[in-house]
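There are 6 protein chains.
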Amino acid sequence: MKILIINPNSSAEMTGGIRAAAEAFAAGDYAVLCRATPGAPEFIETAEDQVRAAPGMIALLREHERDCDAFVIACHCDPQLDVLKEITAKPVVGIGEASMKIASMLGHRFSVLSASERSIPGKEALIRSYHLEGYLASVRPIPGDWRSEDNVLAAARAALREDRAEVIVLGCAGLAGMDKRLQERLGAPVLDGVACALILAAGLAKYGVGTSKSGRYAMI
Amino acid sequence: MKILIINPNSSAEMTGGIRAAAEAFAAGDYAVLCRATPGAPEFIETAEDQVRAAPGMIALLREHERDCDAFVIACHCDPQLDVLKEITAKPVVGIGEASMKIASMLGHRFSVLSASERSIPGKEALIRSYHLEGYLASVRPIPGDWRSEDNVLAAARAALREDRAEVIVLGCAGLAGMDKRLQERLGAPVLDGVACALILAAGLAKYGVGTSKSGRYAMI
Amino acid sequence: MKILIINPNSSAEMTGGIRAAAEAFAAGDYAVLCRATPGAPEFIETAEDQVRAAPGMIALLREHERDCDAFVIACHCDPQLDVLKEITAKPVVGIGEASMKIASMLGHRFSVLSASERSIPGKEALIRSYHLEGYLASVRPIPGDWRSEDNVLAAARAALREDRAEVIVLGCAGLAGMDKRLQERLGAPVLDGVACALILAAGLAKYGVGTSKSGRYAMI
Amino acid sequence: MKILIINPNSSAEMTGGIRAAAEAFAAGDYAVLCRATPGAPEFIETAEDQVRAAPGMIALLREHERDCDAFVIACHCDPQLDVLKEITAKPVVGIGEASMKIASMLGHRFSVLSASERSIPGKEALIRSYHLEGYLASVRPIPGDWRSEDNVLAAARAALREDRAEVIVLGCAGLAGMDKRLQERLGAPVLDGVACALILAAGLAKYGVGTSKSGRYAMI
Amino acid sequence: MKILIINPNSSAEMTGGIRAAAEAFAAGDYAVLCRATPGAPEFIETAEDQVRAAPGMIALLREHERDCDAFVIACHCDPQLDVLKEITAKPVVGIGEASMKIASMLGHRFSVLSASERSIPGKEALIRSYHLEGYLASVRPIPGDWRSEDNVLAAARAALREDRAEVIVLGCAGLAGMDKRLQERLGAPVLDGVACALILAAGLAKYGVGTSKSGRYAMI
Amino acid sequence: MKILIINPNSSAEMTGGIRAAAEAFAAGDYAVLCRATPGAPEFIETAEDQVRAAPGMIALLREHERDCDAFVIACHCDPQLDVLKEITAKPVVGIGEASMKIASMLGHRFSVLSASERSIPGKEALIRSYHLEGYLASVRPIPGDWRSEDNVLAAARAALREDRAEVIVLGCAGLAGMDKRLQERLGAPVLDGVACALILAAGLAKYGVGTSKSGRYAMI
């Protein structure tokens, strides 16, 4: 089994981090191929960034449609998830949808940590589109530099205490790799989207089910 | 890795069917232990049936808490899921929650096929408790004998055509084993709860996350 | 007319308090029989506590099904309400459902005072299951010892001021008897679940209506 | 104890029917005073009808505020319920709110039978304002002459079979008196609003609670 | 084209302010007629105030039904909007509904500034009746004298910062005229209800559409 | 004042129809510029079609950002509305959002007529994203050739009768021009998205308000 992980931005560094986390999680059970999106912005923050990533993402999926068994979109705002679900009948999993739906199975409410304040309203709209608003404790911005693990920890602690979150969702693929250390320090489940998406992508591929082609995602 | 599948009823026949489906799905990737619940009714239909199954289910979980890595409740009404999530920090997955949350990722709306008309309102309440009512096309009773694959097919076809369902969820563990043949005949994804629950139970165990112990499911 | 009040825990002290409040409220208009649940925990806090109370509660109801006209479950988390509604066609009223639905008729939003922080998420899930989340100002924990009337008053004041609650619901049968003094001091309605449940149980028995047996609560 | 029942229309015949049903229900446990509204239309159907009834309803309440212990508005669209709740601190109960909130305690879903097709959208808006839409099976018009018990029965049967209602709510005060015969023939609970409102009005008056004066219904 | 603006209260001063704002906005593109409501209270704050305004509002609409092309209700609680929509087939626009639905098109969430704390719960109920609660950041009371522009500014700033509002809605017709200065100082859209209602009333009249007469607002 | 209408597809015929309808509606009150989108598909039906239209739409907006006062997206699925709202501070109005929010002001519930069955689930998701699901009677496919006015009429009649719609929304820009004739034949309001969007775009431009730049649509 081989899973293509599409990083919707063009950052080699971020792609490397995602690849490392994905390979560590897959642990040889299946192959993972991790690719940056050609022509996409360096970081996905705005709605325009998301559509600018679209052509490259579509091209990557089409290039690998035959040789891969499932596809992961490795940006927590799940850019173009609807488009890719439409293009192929094989499983396509967004790290946002995967991590938040799994979070809803592990506790009463979850919080999402966001790399930027700017992304919060968009994340709220995404959460509502997944009918998850009733499970949401908060979308919390990481104060200061979001790459600092201490800052992420501070946001997570605030979510647990002030918002009564019971599960923490890392709201950016760039945070991949911090989950286990944070979970240890917090004493509460911490979910990285890439790991969650791989659970579902590999599981669905194994099970032999994919996106329904009989309605919203029908091919024409 | 070893996963305990608790069949909340005491039927040896149904337990055998679930075990066969589970072992076929696991395909040797991990061990599955499938147990009927001592002292439980032969079939779970009413709310009283669910509480009558509770002591045996709790005993099974406690007996295997150490040697198993995750737990599956193999009845589509997810009896005592809250109780078992509370008792252990390891993953506990209900086949109802697992199959319906996965269904929500594969299409716009799903239908659940129910073995009995009597169970429909209870299933609706369960679906709402998972915040999935916005994804629901219908809960459809299987006409006539629910063990007949043709009857299940008829209900599924009606759900696709009349209710605009895009994904079919088999709403009873007793239907395990029919999924692939039905999917072939329908041309739409058909989800068996046991397979869906194993995807999540094995994935969560591999990932090292379980139910949050910091709020609703805290141990005292 | 005779109403059986089932205290789902086994505490004689709490049963005595509930009995005293109930008899004072009934004021001779009808008889009330108040019983602790044999085999149940001393206090109901967790989901497991609730199922451990089930066998004794079912036995109490069956023992008195003929000679009583209505049944009240006197724990604010309404344990096994669905089960008891299913077993008998006579009215079964939970003090949680009764007090919160009455609260929704007396003001724009209500707050529930909770004896323990641990119970808050479970209460929130219960409130949603009654479709009352739109009426909810907050579930507030009583700070310190929940048996202290001053602590209850402090939580109620905070709910009125900070959460803009307009009605206070005492979220534990153990608070029975404080309602009138608190109402006096607060200047806002304070509802005790036992009184609210008796209003409905006696009223429904007088009216000759009970749980519908044609769907969710049908007997088989 | 004395309860004033305000019939918001000016029909002497309808007032007589309501009075008879109310006195039969009260059965001497408390006094009921039943008054038609001076200056109101003969029948309340439109939004304009409702505001035309307002001055007379306010006058009736003010006239009896001291000598009555609770107030019932005997029209199923609950005209001016907010206004009367605002004017007095004593309990004010609308037959629509009372019957539908009680219905929500007796089954999974209820249907409301409406005397006119014209009233259906307004009833739906009212039901949503009470946060009861999740409990609603349907609002069904009574076919033909709504005063014919056979026609009401036909609508109720359709609601039970086609809409999966479990409880029937009579959606017009003019249907008072049919409840018991219909319940007998249907085998499912049938709720008359006047009886339901009296349960709550008498119960609240006995309990000594009324509308909160600390927010939405504060007097200025 | 001529638009009648009905100020539901009887204050000549407030009517003058509304007229000035409306004429400035219309800028000669169409005629505006602005009238206070005879027999109405000086200020609309309570539910009773709203029904006291009804007869005069109905009379004004009937007086001008022929010579005007559209009607605006210039009080942010939209008193009697349903009644006036029912009486005429021409467009009737409430400044509350118009401003809040337009706000929902200009940002993720809006806040409404309220002239009085007393009005907040009523405004929340109104917002829910328009299905806008998902767009609501907050209803904020203006601290101190609500006629002071600095106080309004303070409330708006708090809404933007603390409630993450992106659009400000002036929740009282008495604030008409402040919108442009506040918008300048805040750097975020500020909506006056009268301007918003005129956009829609004039637009609908130009388009030749009005309230549907085939259901909820049918004339009998 | 000048308004740019962006037709997100590349069909010259459809652009001509939209232009004609828009100019007729504007009636010289303001200038309208109507442009097809270079590089876009001939018809927008799928999610992929929508992203393929994005670059051309962005280019059109940027080309005209200075000389136009407001922007309209003339496809009923509102493709890239979020992106264009983000790019400019001037008003951007989608014909889907405009027509459906206006419909919500003219009746209890509206139906949307869809040119293709394939588009229904996507339209439902869009409607939910606007929080309009509570106002929705149905999304109805036009049977047979959607360009036939008789077929559109048949779908509208079914919506009024069977779904209790009170307002009809034409769910495709290609239906522009049929609104008045259909309204005449149906006796209920029929809304064309282009007219509705022009009402709002021209009104907002006149008012001097546009998309908030302080949150979800902030420029970076």
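Protein chains in written order, with our numbering: chain A, 16 to 235; chain B, 16 to 235; chain C, 16 to 235; chain D, 16 to 235; chain E, 16 to 235; chain F, 16 to 235. Yeah, the Cβ is synthetic: ideal placement off N, Cα and C, and Gly gets one too. Please read these numbers as outputs of a predicted model, since none were measured by experiment.
Please report the straight-line C-alpha distance between Y45/D and A220/D, rounded to a whole angstrom. As a position in the fourth sequence, residue 45/D is number 30, starting the count at 1. As a position in the fourth sequence, residue 220/D is number 205, starting the count at 1. Their backbone Cα atoms lie some 11 Å apart in a straight line.
For the region 208-226 of chain B, list every residue whose C-beta sits within 9 Å of some C-beta in chain A, in sequence order. Listed by position, the residues of the region 208-226 of chain B near chain A (Cβ gap below 9 Å) are A210, C211, L213, I214, L215, A217, G218, L219, K221, Y222, G223, V224, G225, T226.
Applying the 10 Å Cβ sphere with the 16-neighbour rule, what's the burial state of E28/A? Against the first sequence, residue 28/A aligns to sequence position 13. Of the residues assessed, E28/A falls on the exposed side of the cut-off, its CB having fewer than 16 other CB atoms within 10 angstroms.
Can you check whether the CB of F125/D is closer than 8 Å to the CB of Y145/D? For this step, residue 145/D is matched to residue 130 along the fourth sequence. For this step, residue 125/D is matched to residue 110 along the fourth sequence. For Y145/D and F125/D, no; Cβs fall outside 8 Å.
Under the three-state reduction of DSSP, which class applies to F58/A: helix, strand or coil? The count along the first sequence starts at 1 and reaches residue 58/A at position 43. Looking at F58/A - three-state DSSP - the assignment turns out to be coil, as it is neither helix nor strand.
Using the rule of at least 16 other Cβ atoms within 10 Å of the residue's Cβ for burial, across every protein chain shown, is S2/A buried or exposed? Because chain A is modelled from 16 through 235, residue 2/A falls outside the range shown and cannot be assessed.
Can you give me the Cβ contacts of L201/D inside the same chain, cut-off strictly under 8 Å, excluding the 5 residues immediately before and after it? Taking the first residue of the fourth sequence as 1, we reach residue 201/D at position 186. Correct list, in chain order: L168, A171, R172, L175, I183.
Taking Cβ-Cβ distances below 9 Å as the criterion, which residues of the region 131-148 of chain F are in contact with chain D? So nothing in the stretch comes that close.
Can you grab the Cα-Cα spacing for the pair P23/D / A118/B, in whole Å? Residue numbering aside, residue 23/D sits at position 8 when the fourth sequence is read from its first letter. Residue numbering aside, residue 118/B sits at position 103 when the second sequence is read from its first letter. The C-alpha of P23/D lies about 50 Å from the C-alpha of A118/B.
Rounding to the nearest angstrom, what Cα-Cα distance links E101/C and N166/D in this structure? Here residue 101/C is taken as the residue at index 86 of the third sequence, counted from 1. Here residue 166/D is taken as the residue at index 151 of the fourth sequence, counted from 1. As the crow flies, the alpha-carbon of E101/C is around 31 Å from that of N166/D.
Helix, strand or coil for C24/E? Go by DSSP, reduced to three states. Along the fifth sequence, read from residue 1 onward, the residue named residue 24/E stands at position 9. Correcting the residue type first, residue 24/E is Asn in the shown sequence and not Cys. In this structure, N24/E counts as coil in the three-state DSSP scheme.
Along the chain, where does the beta strand (DSSP E) that runs through A46/B open and close? As a working note, residue 46/B is residue 31 in the second sequence. Where A46/B is concerned, the enclosing beta strand (DSSP E) stretches over 46-51.
Could you tell me if M193/C is buried or exposed, where buried requires 16 or more neighbouring beta carbons within 10 angstroms of its beta carbon? The residue labelled residue 193/C in the question sits at position 178 within the third sequence. So M193/C ends up on the buried side.
Give me the chain D residues within the contact set of A203/C, using Cβ-Cβ distance strictly less than 7 Å, ordered along the chain. To locate residue 203/C, count along the third sequence from 1; it is residue 188. Identification of chain D residues near A203/C by a Cβ-Cβ cut-off of 7 Å yields S227, S229, ordered along the chain.
Hey, is the region 197-212 of chain D in contact with the region 49-63 of chain E, meaning 3+ C-beta pairs nearer than 8 Å? In this structure the region 197-212 of chain D does not lie against the region 49-63 of chain E, because fewer than three pairs of beta carbons, one per stretch, are closer than 8 Å.
What is the rounded straight-line gap between the Cα of D178/B and the Cα of P156/B? Residue numbering aside, residue 178/B sits at position 163 when the second sequence is read from its first letter. Residue numbering aside, residue 156/B sits at position 141 when the second sequence is read from its first letter. If you take the alpha carbons of D178/B and P156/B, they lie about 13 Å apart.
Got a sec, what are the start and stop residues for the alpha helix (DSSP H) D194/F sits in? Position 179 of the sixth sequence, counted from the first residue, corresponds to residue 194/F. Element bounds for D194/F: 194-201.
When you compare the CB positions of G225/B and P106/B, do they come within less than 8 Å of one another, or not? Here residue 225/B corresponds to residue number 210 of the second sequence, with the count starting at 1. Here residue 106/B corresponds to residue number 91 of the second sequence, with the count starting at 1. Note that the C-beta distance between G225/B and P106/B is below 8 Å.
Can you tell me whether D160/F is helix, strand or coil according to DSSP? Position 145 of the sixth sequence, counted from the first residue, corresponds to residue 160/F. Coil, per DSSP.
Going by beta-carbon coordinates alone, are G109/D and G122/C separated by less than 8 Å? The count along the fourth sequence starts at 1 and reaches residue 109/D at position 94. The count along the third sequence starts at 1 and reaches residue 122/C at position 107. No, these two residues do not count as a Cβ contact at 8 Å.
Against V66/C, what residues of chain B qualify as contacts under a CB-to-CB distance less than 7 Å, listed in chain order? By one-based count along the third sequence, residue 66/C stands at place 51. Simply V66, A69, Q95, V98.
By the criterion of Cβ-Cβ separation under 7 Å, what are the contact partners of T61/A in chain F? Taking the first sequence and counting its residues from 1, the one referred to as residue 61/A is at position 46. Correct list: E101, I235.
When we look at the beta-carbon of R67/E and count the other beta-carbons within 10 Å, is it buried (16 or more) or exposed? As a position in the fifth sequence, residue 67/E is number 52, starting the count at 1. Around the C-beta of R67/E, 16 or more other C-beta atoms lie within 10 Å, and the residue is accordingly described as buried.
Let me make sure I understand the geometry here. Which of A217/A, S25/A, K116/A has the alpha-carbon closest to that of I142/A? What you label residue 142/A is simply residue 127 of the first sequence in a count that begins at 1. Out of A217/A, S25/A, K116/A, K116/A has the C-alpha closest to the C-alpha of I142/A.
So the alpha helix (DSSP H) S114/C belongs to, where does it begin and stop? Counting from one through the third sequence, the residue named residue 114/C turns up at place 99. Segment 110-118, the alpha helix (DSSP H) holding S114/C.
Going by DSSP, what residue range makes up the beta strand (DSSP E) through A217/D? Taking the first residue of the fourth sequence as position 1, residue 217/D is located at position 202. That residue, A217/D, is in no beta strand (DSSP E); its alpha helix (DSSP H) goes 208-222.
Give the residues of chain D in contact with R179/C, contact being defined as C-beta atoms less than 7 Å apart. Position 164 of the third sequence, counted from the first residue, corresponds to residue 179/C. The answer, in chain order, is G230.
With a 10 Å radius around its C-beta and 16 neighbouring C-beta atoms as the bar for buried, classify D97/A as buried or exposed. Translated into the one-based positions of the first sequence, residue 97/A becomes position 82. Of the other Cβ atoms in all chains shown, 16 or more fall within 10 Å of the Cβ of D97/A; this residue is therefore buried.
Mapping DSSP to helix, strand and coil, what is K17/F? Walking along the sixth sequence from the start, residue 17/F turns up at place 2. Residue state for K17/F is assigned as strand, using DSSP reduced to three classes.
When the Cα atoms are used, what is the spatial distance from V205/D to L185/D? On the fourth sequence, residue 205/D is found 190 positions in, with the first residue counted as 1. On the fourth sequence, residue 185/D is found 170 positions in, with the first residue counted as 1. Rounded to whole angstroms, V205/D to L185/D spans 7 Å at the Cα level.
Would you check if the distance between the CB atom of I33/F and the CB atom of M72/F is smaller than 8 Å? Within the sixth sequence, residue 33/F is the residue found at index 18, counting from 1. Within the sixth sequence, residue 72/F is the residue found at index 57, counting from 1. No, they are not a contact pair.
Name, in chain order, the residues that DSSP records as bridge partners for S153/E. To locate residue 153/E, count along the fifth sequence from 1; it is residue 138. Beta-bridge pairing links S153/E to S126/E.
Just reading off the alpha helix (DSSP H) that L3/B is part of, what are its end residues? The displayed coordinates of chain B run from 16 to 235. Any statement about residue 3/B would go beyond what the structure contains.
Rank E63/B, I18/B, E132/B by C-alpha distance to the C-alpha of G43/B and give the top, closest one. Here residue 43/B is taken as the residue at index 28 of the second sequence, counted from 1. Of E63/B, I18/B, E132/B, the residue nearest in Cα terms is I18/B.
Environment of A74/E [buried if 16+ CB atoms lie within 10 Å]: By one-based count along the fifth sequence, residue 74/E stands at place 59. Note on A74/E: under 16 other CB atoms within 10 angstroms of its CB, so exposed under the neighbour-count rule.
Which two residues bound the contiguous alpha helix (DSSP H) that contains I142/C? Position 127 of the third sequence holds residue 142/C. Run containing I142/C: 135-144, per the alpha helix (DSSP H) assignment.
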